[in-house]
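As they're listed, the protein sequences go chains L and S.
Take the first sequence: its letters are residues 0 to 102, numbered as in numbering that gives the first Met the number 0.
Take the second sequence: its letters are residues 0 to 164, numbered as in numbering that gives the first Met the number 0.
Cβ coordinates follow ideal geometry from the N, Cα and C atoms, glycine included.
Structure record follows, encoded as structure tokens.
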Amino acid sequence: MMVPLQWYLILSAALFCLGLYGALVRRNGIAILMGVELMLNAVNVNLLAFWRYTEPAAATGQAFAAFVYVVAAAEVAVGLALVVATYRTHGTVVLEDIDLLKG
Amino acid sequence: MTLQQILFFIFGAISLGAGVGVVTARKLFHAALWLLLAFFGVAGLYVLLEAPFFAAAQLFVYMGAIGILIIFAIMLTRGMMRQRHPRANRQWWLAGILAALFLATFVRLAWQGPWTAPAGPVPENSLGLLGLTLVDPGGFALPFEVASVLLVVALIGAVTIVRER
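Structure (structure tokens):
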């Protein structure tokens with residue numbers, strides 16, 4: 000017998016909420032990006048679970064998961080570049096201390 | 000309890016436990032190592048979902064490329080690793096309530112959803128089918144090309160942002 004679909008959905012919901020908590024709570028920019036990565040992984044688990052349990056003969060779910068990979072790679076590259084550049088100019092990666100645009 | 004369910008619990012426990020480590024680890028480098036372990040657990044789940052291509056891509060792209068990139072960024076901002084400052088901001092309780100509410104909603108929806116029984120087996124050449132769908136003009140050819148442009152833009156943008164001036 001296979002694993003019920005609900006188990007995958009609940010697992011990915013828990014992983015998503017962990018990532019959400021991390022992204023909202025951590026002060027270090029790199030740690031926030033790690034939380035976002037966890038959220039993207041949870042979304043991918045969801046996409047592939049729905050693909051497997053509802054429409055395994057079509058490749059649509061897999062294609063969406065592949066696009067999430069591309070977006071995640073672009074996001075982490077630009078995000079980490081921003082963090083490193085901010086560290087160079089401001090000497091900090093604590094995002095609360097970067098208030099250049101604050102009125 | 001079947002072998003699949005046992006493996007699901009093992010990999011699910013790995014990814015969730017490592018996820019807790021990511022958001023609570025005191026040292027950023029430890030958080031990065033926990034993140035790699037979480038990626039590994041998710042790769043195991045992909046194997047259970049009969050998506051071996053995504054399991055391999057998870058190992059290469061996430062554990063390999065993104066993990067190394069995050070560790071590089073931690074090393075480049077190393078002065079921050081030694082400073083003792085609180086790792087969580089003042090809204091941690093609010094964020095905790097928000098995440099718990101999200102989780103409760105998702106679990107409730109997932110539990111009562113109108114899910115049907117598992118569909119048939121995965122076709123033999125599901126990876127070939129994915130490749131054909133990605134380059135099929137009636138399928139995902141345009142998003143596929145846009146995705147490649149996005150990768151190039153992100154690459155050039157990242158290089159431009161961190162360049163020494």
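Proximity of residue i and residue j at Cβ, strictly below 7 angstroms
i, j, result
"L/V77", "S/A72", "no"
"S/A31", "S/I67", "no"
"L/A62", "S/L133", "yes"
"L/V75", "S/I160", "no"
"S/A94", "L/Y7", "no"
"S/M74", "S/F38", "no"
"S/W92", "L/Q5", "no"
"S/A153", "L/A73", "yes"
"L/A58", "S/L44", "no"
Min CB distance residue i to chain S below 7 angstroms
i, result
"L/L10", "yes"
"L/V35", "no"
"L/L14", "yes"
"L/T53", "yes"
"L/V44", "yes"
"L/L47", "yes"
"L/G21", "yes"
"L/L79", "yes"
"L/L4", "yes"
Any chain L beta carbon closer than 7 angstroms to residue i
i, result
"S/L35", "no"
"S/N124", "no"
"S/F160", "First, the amino acid is wrong: residue 160 of chain S is Ile here, not Phe. Cβ-Cβ to chain L under 7 angstroms: yes for S/I160."
"S/I155", "no"
"S/F59", "no"
"S/V148", "no"
"S/A103", "no"
"S/W92", "no"
"S/L100", "no"
"S/A109", "yes"
"S/F139", "yes"
"S/A87", "yes"
"S/A50", "yes"
"S/V46", "no"
"S/V22", "yes"
"S/V106", "yes"
Contact list for residue i against chain L, beta-carbon separation under 9 angstroms
i, result
"S/V19", "L17"
"S/P113", "Those within 9 angstroms of S/P113 in chain L number zero; the least Cβ separation is about 11 angstroms."
"S/P142", "A62 and F66"
Under 8 angstroms from the C-beta of residue i: neighbouring residues of chain L
i, result
"S/I13", "Ordered by position in chain L, no residue passes the 8 angstroms Cβ test against S/I13, which lies about 11 angstroms from the chain."
"S/A55", "Correct list: empty, because the minimum Cβ distance to chain L is about 12 angstroms."
"S/F39", "By Cβ distance, chain L contributes nothing, its closest Cβ being about 11 angstroms from S/F39, past 8 angstroms."
"S/P120", "P55"
Partners in chain S for residue i, counting only beta-carbon separations shorter than 9 angstroms
i, result
"L/I29", "L27, A30, A31, I69, A72, I73, T76 and M79"
Buried/exposed call for residue i, threshold 16 Cβ in 10 Å
i, result
"S/F59", "exposed"
"L/R25", "buried"
"L/R51", "buried"
"S/G11", "buried"
"L/P55", "buried"
"L/T91", "buried"
"S/V21", "buried"
"S/N124", "exposed"
"S/M0", "exposed"
"S/S147", "exposed"
"L/T88", "exposed"
"L/L46", "buried"
"L/L141", "Here chain L comprises residues numbered 0 to 102, so residue 141 of chain L is not present and cannot be evaluated."
"S/Q57", "buried"
Per-residue contacts from residue i into chain S (C-beta, under 8 angstroms)
i, result
"L/L99", "Chain S residues near L/L99: none, gap ~15 angstroms exceeds 8 angstroms."
Closer than 6 angstroms: residue i CB and nearest the ligand HEM heavy atom
i, result
"L/L99", "Only the bare structure without any ligand can be found here, which leaves the ligand HEM out of the picture."
Residues that residue i contacts on chain L, provided the C-beta gap is smaller than 7 angstroms
i, result
"S/F7", "V2 and W6"
"S/G95", "Y20"
*Inspect the CB distances between the stretch 113-126 of chain S and the stretch 29-44 of chain L and report whether three or more fall short of 8 angstroms.*
With a cut-off of 8 angstroms on Cβ pairs, the stretch 113-126 of chain S is not in contact with the stretch 29-44 of chain L, counting fewer than three such pairs.
*Please confirm if the stretch 7-20 of chain S is in contact with the stretch 63-82 of chain L, defined as three or more CB-CB distances below 8 angstroms between the two stretches.*
The stretch 7-20 of chain S is not in contact with the stretch 63-82 of chain L.
_Could you check whether the stretch 11-23 of chain L touches the stretch 42-51 of chain L, counting it as contact only if at least three pairs of C-beta atoms, one from each stretch, sit closer than 8 angstroms?_
Contact holds: three or more Cβ-Cβ distances are below 8 angstroms.
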